[in-house]
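>
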Amino acid sequence: TLAMRMGGAPGGEGGSDGLTVDGQTESVQTLFVTGNFFTMLALRPYAGRLLLPGEGATLGADPEVVLSYRYWKARFNGDLSLIGKRVLINGTPVTIVGVAPKDFFGLTPLLEMQAYLPMGMVGIDGPEAQNLFTDPKAASAIVVGQLRPGVSSRDAQAALSALGTQFNKDNPRAQGRPGLLVKPLHPPGLVSGVNPLPALTALFLTLAGLVLLLASLNVANLLLVRATVRRHEMAVRSALGASRGRLLRLVLSESVLLAAMGASAGLVLGTIVAAMLRSIRLENEITLLFDFRVDWRVFCYTAFIALLAGVLMGVAAAMRVAGKKAILAINESTRSVSGARQRLRTGLVMVQVGGSLAVLIAAGLFARSMVGAEHADLGFNPHNVLNLTLDPHQIGYTEKQGQTFYRALLERVRVLPGVESASLGMAVPLGESLMEAEIRAPGFVAEKDERPAVFNLVSPEYFGTNQIRMLRGRDFTSADSEQTHPVAVINEAMARHYWPKQEALGHQFTVSWKPEVTAEVVGIVTDARLIDIEEPVQPTFYLSVAQHYTPVLSLQLRTSGDPLAPAADVRAIVRSLAPTMPIYGVRTMERAVHGLNGLFLYEIGAELAGALGVLGLFLAVVGVYGVISYSVTQRTQEIGIRMALGARPSEILALMSRHSLLILAVSVPLGLGIALAMGTLLADFLVGVTPTDPATYALVTTILVIVALLAAYPPTRRAMRVNPMAALRHE
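Residue 258 is where the sequence shown starts when you use my numbering, and the numbers rise one by one after that.
(1) Among residues of its own chain, excluding the 5 on either side of ALA940, which ones have a beta-carbon nearer than 7 angstroms to its beta-carbon?
(2) Give the C-beta separation of ALA560 and LEU464 to the nearest angstrom, bearing in mind that I take them to be a contact with Cβ-Cβ under 8 angstroms.
(3) Taking contact to mean at least 3 C-beta pairs separated by less than 8 angstroms, is the segment 608 to 628 in contact with the segment 830 to 847?
(4) For the structure I just gave you, are there three or more beta carbon pairs, one from the segment 276 to 287 and one from the segment 366 to 379, closer than 8 angstroms?
(5) Does the count of Cβ pairs from the segment 710 to 723 and the segment 793 to 804 closer than 8 angstroms reach three?
(6) Give me, in chain order, the residues of the same chain whose beta-carbon lies closer than 7 angstroms to that of GLY675; leave out the 5 immediate sequence neighbours on both sides.
(7) Does DSSP classify ASN475 as helix, strand or coil?
(8) From what residue to what residue does the beta strand (DSSP E) around ASN425 run?
(9) Any idea what DSSP makes of GLN371, helix, strand or coil?
(10) Check for me: the beta strand (DSSP E) holding ILE747 runs from which residue to which?
(11) What are the start and end residues of each continuous alpha helix (DSSP H) run of 4 or more residues lying completely inside the segment 294 to 348, in chain order?
(12) With DSSP collapsed to three states, give me the class of PRO948.
(13) Going by DSSP, name the residue or residues bridged to ALA238.
(14) For VAL685, which three-state DSSP category applies?
(15) What separation, rounded to the nearest whole angstrom, lies between the Cα atoms of ARG501 and GLU908?
(16) Under 8 angstroms, do ALA684 and VAL768 count as touching if we go by C-beta distance?
(17) Could you have a look at SER495 and say whether DSSP puts it in helix, strand or coil?
(18) Classify LEU691 as helix, strand or coil using the three-state DSSP reduction.
(19) State the Cα-Cα distance for the pair LEU339 and HIS851, rounded to the nearest angstrom.
(20) Could you check what DSSP says for PRO350 in three-state terms: helix, strand or coil?
(21) Less than 6 angstroms between C-beta atoms, sequence neighbours within five positions excluded: which residues of the same chain meet that for ALA630?
(22) Given PRO709, which residues of its chain have a CB within under 6 angstroms of its CB, disregarding the five upstream and five downstream residues?
(23) Take LEU415 and list the residues in its own chain whose beta-carbon comes closer than 7 angstroms to its own, dropping the five residues that flank it on each side.
(24) For the beta strand (DSSP E) containing TYR719, name the first residue and the last one.
(25) Helix or strand or just coil, what does DSSP make of ILE788?
(26) In angstroms with no decimal places, state the Cα-to-Cα distance between GLN813 and GLU760.
(27) Report the option in LEU687, LEU479, ALA299 and LEU526 whose CA atom is closest to the CA atom of LEU788.
(28) Go to GLN894, then tell me how far its alpha helix (DSSP H) extends in each direction, as first and last residue.
(29) So, with DSSP's three-state summary, where would you put TYR806?
(30) Check for me: the alpha helix (DSSP H) holding GLY855 runs from which residue to which?
(31) Could you tell me whether the Cβ atoms of ASP412 and ASN347 are closer together than 8 angstroms?
(32) Tell me where the beta strand (DSSP E) around TYR799 begins and ends.
(33) Over what stretch of residues does the alpha helix (DSSP H) that includes THR937 continue unbroken?
(34) Check this for me: beta carbons of SER928 and ALA563, under 8 angstroms apart or not?
(35) Which same chain residues end up closer than 7 angstroms to VAL344 when comparing Cβ atoms and leaving out the 5 residues on each side of it in sequence?
(36) I'd like to check one pair, GLU321 with LEU337: are the Cβ atoms closer than 8 angstroms?
Following this line, the structure appears as structure tokens:
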């Protein structure tokens, strides 16, 4: 008996489908699930009911759909009369049976599912999707299970590996199918490549933690100054019988009150920032969920950290005064500040300035990286290009109808005023629809764990529209059809990889599809960054969409002027050809470059790092100004004596400047060291600049030194203007 409780394969297979309500069709993110999907997750409906165990077990059975709460609220304004209504999905009638729970968005982080259908309805996505029920090698669905208490992932992996081996033995047609891999329900990413969000989160948590440390040190310095100023008061209280514990409680209560006020202000600021983050509009082909809310658990955690920091800093300050003997403290209150206290405050400021320098360097590197990413050679020209996505299958079109629609569409949009070229593609550069495929080439031996090649299905003029340069051979033409031998255009990376010592033109390779496709290389184009701005370009091949039809295609128009100018005409043409056809993803290619696979993370990184850098610089300025100003106040009598004995203002300036220079002499190397230590976290998010870029380090260090000296100048200037006679009467 296996020591686990599985959910009966409540797996999911999803994508975009067309939901038609009252004659209006729009694209929604769908997930096909088994009937016990919701019960295994212990979810209850917001309205109506959810799918039931056993539903969808048979192909074509139970034509039902459950809508997500957010989609139901946004699209239908929370209309409860929608429950029980018959609608169309990809032209197939289904019934809306319920609305999912309010806070349930699906299984994939950031990706919001909008509709859930029984697994038996996968046929609405085409004949290929039905393989899930008929082909043992079909591995396009994930299986979600819940482990019994006390069962580890390793135990589950061992049991499922044995189960998979036995399944392959019992089903000869399943030989070669992927094995069963157990891993936590945290998918690796939304797009090709590695998900950068965990590392990005770790980086900014580190930077935020560093800023918190700087703020804590700043508060500690202020509390130390306050404690020193109040040492006479504390001494009097002690002389009148106040115990050390009572003095500690007094100081700590003030520290906790200060921390609580800071946490409250942080909550208000956090709410404002969360509202700003919710306004982020990510230029993306798919609906991404950015649900930035002030979660009570996050607030409690951060409030606890703020209170803890305040208490610790308060304890440090309280210990400086609560332990003094009354007579000693009273006598000390009549003298200037001791060297030990001054050294402690100076040390805290040194750490502040050093930490601020590290955060500023990170911000500078992100800014340089942003500039580098914006000017990176993409291998294509994003200017003056309009993108929009269509899917005839969402309104029930067959393959033949879809091909007819696209041919007519291209013919009509190519003659629009201002349109220089028009093309179709399964994916646009830096989009989310690119896929990978295993290929074989005669004489080529693949290395172990070699990544598959990237592929795209395109029409003639795709390379011209995107200005991807043809190096050798030819583009696709209207003569390339289902009746002719499959042809392919490949990029330089693929030519170098598979045919390193010979001309790739004329060679053939086989794509491991079902059925397999053998294509002849007829053209070679330059490398274009189709997946990621930073990663090396993968071997990529392009096939003719006329020879390998897919319903979801992006129409791209290169224009002589404003790329959005023909958008209205294109919509009118689509409406005339297919009145209910949904049009989505209407955006310029320049905006698409700012999507998730493009500049989005670099922009967010630069903005967040810049905000933290400015905050860190502000804290450093406050710290330097405070310690120099307090030093001048405490040394007023000394300065007066020096001036009475003939010291010139320039000598007083040199005396006080030595203190500022000492702070910088220690804090700058400290900050540089911290920045170098953070290099491993920064490296993955930098384009065109290294984590040890000398120019950035030099520029940021210079800025910090200048700002710190400017912060120290007002109190230093005040010292130069001290009246000797007034200073001698100061104490």
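Quick reminder that beta carbons are idealized off the backbone N, C-alpha and C, glycines included.
Since we're looking at a predicted model, the values are computed, not measured.
Looking at the coordinates:
(1) Your numbering for residue 940 matches position 683 in the sequence shown. Close CB contacts of ALA940 within its chain, under the 7 angstroms cut and outside five residues either way in sequence, are with PRO948 (chain order).
(2) Against the sequence shown, residue 560 aligns to sequence position 303. Against the sequence shown, residue 464 aligns to sequence position 207. With a contact defined as Cβ atoms closer than 8 angstroms, ALA560 and LEU464 miss out at about 20 angstroms.
(3) Output reads no: the segment 830 to 847 does not touch the segment 608 to 628.
(4) These segments touch.
(5) Two segments are said to touch when three or more pairs of C-beta atoms, one from each, lie closer than 8 angstroms; by this definition the segment 710 to 723 touches the segment 793 to 804.
(6) Along the sequence shown, read from residue 1 onward, the residue named residue 675 stands at position 418. Contacts found: THR816, SER817, GLY818, ALA822 and PRO823.
(7) For the purposes of this step, residue 475 is taken as residue 218 along the sequence shown, with counting starting at 1. DSSP places ASN475 in helix when its eight states are reduced to three.
(8) Start at 1 with the first residue of the sequence shown, and residue 425 comes out as number 168. Here ASN425 belongs to no beta strand (DSSP E); instead the alpha helix (DSSP H) covers 410 to 427.
(9) Residue numbering aside, residue 371 sits at position 114 when the sequence shown is read from its first letter. DSSP places GLN371 in the coil class of the three-state scheme, outside both helix and strand.
(10) Counting from one through the sequence shown, the residue named residue 747 turns up at place 490. From DSSP, the beta strand (DSSP E) with ILE747 extends over 744 to 748.
(11) Runs of the alpha helix (DSSP H) inside the segment 294 to 348: 294 to 297 and 326 to 333.
(12) Here residue 948 corresponds to residue number 691 of the sequence shown, with the count starting at 1. Coil at PRO948, not helix or strand.
(13) Outside the shown range of the chain, which is 258 to 988, sits residue 238, and nothing can be said about it.
(14) Against the sequence shown, residue 685 aligns to sequence position 428. DSSP places VAL685 in the coil class of the three-state scheme, outside both helix and strand.
(15) The sequence position of residue 501 within the sequence shown is 244, counting from 1. The sequence position of residue 908 within the sequence shown is 651, counting from 1. Within the model, the alpha-carbon separation for ARG501 versus GLU908 is close to 43 angstroms.
(16) In the sequence shown, the residue the question calls residue 684 occupies position 427. In the sequence shown, the residue the question calls residue 768 occupies position 511. In this structure, VAL768 does not lie closer than 8 angstroms to ALA684 by Cβ.
(17) As a working mapping, residue 495 is identified with position 238 in the sequence shown. If DSSP states are grouped into helix, strand and coil, SER495 belongs with the helices.
(18) By 1-based counting over the sequence shown, the position of residue 691 is 434. Looking at LEU691 - three-state DSSP - the assignment turns out to be coil, as it is neither helix nor strand.
(19) As a working mapping, residue 339 is identified with position 82 in the sequence shown. As a working mapping, residue 851 is identified with position 594 in the sequence shown. Rounded to the nearest angstrom, the two C-alpha atoms are 37 angstroms apart.
(20) In the sequence shown, residue 350 corresponds to position 93, counting from 1. Strand, per DSSP.
(21) For the purposes of this step, residue 630 is identified with residue 373 of the sequence shown, where counting begins at 1. Excluding positions up to five away in sequence, the list reads ILE790, LEU856, TYR859 and VAL944.
(22) Here the question's residue 709 lines up with position 452 in the sequence shown. If we look at PRO709 and ignore the five residues flanking it on each side, its Cβ neighbours are GLU693, ALA694 and GLU695.
(23) Counting from 1 along the sequence shown, the entry for residue 415 is found at position 158. First, the residue type needs correcting, since residue 415 is Ala and not Leu in the sequence shown. Result list for ALA415: empty, nothing under 7 angstroms.
(24) Here residue 719 corresponds to residue number 462 of the sequence shown, with the count starting at 1. That residue, TYR719, is in no beta strand (DSSP E); its alpha helix (DSSP H) goes 719 to 723.
(25) Locating residue 788 in the sequence shown gives position 531, counting from the first residue. The answer is coil: DSSP assigns ILE788 none of H, G, I, E or B.
(26) For the purposes of this step, residue 813 is taken as the residue at position 556 of the sequence shown. For the purposes of this step, residue 760 is taken as the residue at position 503 of the sequence shown. Rounded to the nearest angstrom, the two C-alpha atoms are 31 angstroms apart.
(27) Here residue 788 refers to the residue found at position 531 when the sequence shown is read from its first residue. The residue you asked about is not Leu; residue 788 is Ile in the sequence shown. That would be LEU687, whose Cα lies nearest to the Cα of ILE788.
(28) Indexing the sequence shown from 1 puts residue 894 at position 637. From DSSP, the alpha helix (DSSP H) with GLN894 extends over 893 to 901.
(29) As a working mapping, residue 806 is identified with position 549 in the sequence shown. It is coil, neither helix nor strand.
(30) As a first step, residue 855 is located in the sequence shown; it is residue number 598 there, counting from the start. No alpha helix (DSSP H) contains GLY855, which DSSP labels as neither H nor E.
(31) Locating residue 412 in the sequence shown gives position 155, where the first residue counts as 1. Locating residue 347 in the sequence shown gives position 90, where the first residue counts as 1. No, the pair does not count as a contact, with Cβ atoms beyond the cut-off.
(32) As a first step, residue 799 must be located in the sequence shown, where it is residue number 542. Run containing TYR799: 797 to 801, per the beta strand (DSSP E) assignment.
(33) One-based indexing of the sequence shown puts residue 937 at position 680. Taken as a continuous stretch (DSSP letters only), the alpha helix (DSSP H) holding THR937 covers 936 to 940.
(34) What you label residue 928 is simply residue 671 of the sequence shown in a count that begins at 1. What you label residue 563 is simply residue 306 of the sequence shown in a count that begins at 1. Note that residue 928 is Gly in the sequence shown, not Ser. Against a cut-off of 8 angstroms, the Cβ pair of ALA563 and GLY928 comes out as no contact.
(35) Counting from one through the sequence shown, the residue named residue 344 turns up at place 87. Short of 7 angstroms from the beta carbon of VAL344, and not among the five residues preceding or following it, lie these beta carbons of its own chain, in chain order: LEU276, THR277, VAL278, VAL351 and ILE353.
(36) Working through the sequence shown from its first residue, we reach residue 337 at position 80. Working through the sequence shown from its first residue, we reach residue 321 at position 64. No. Outside cutoff.
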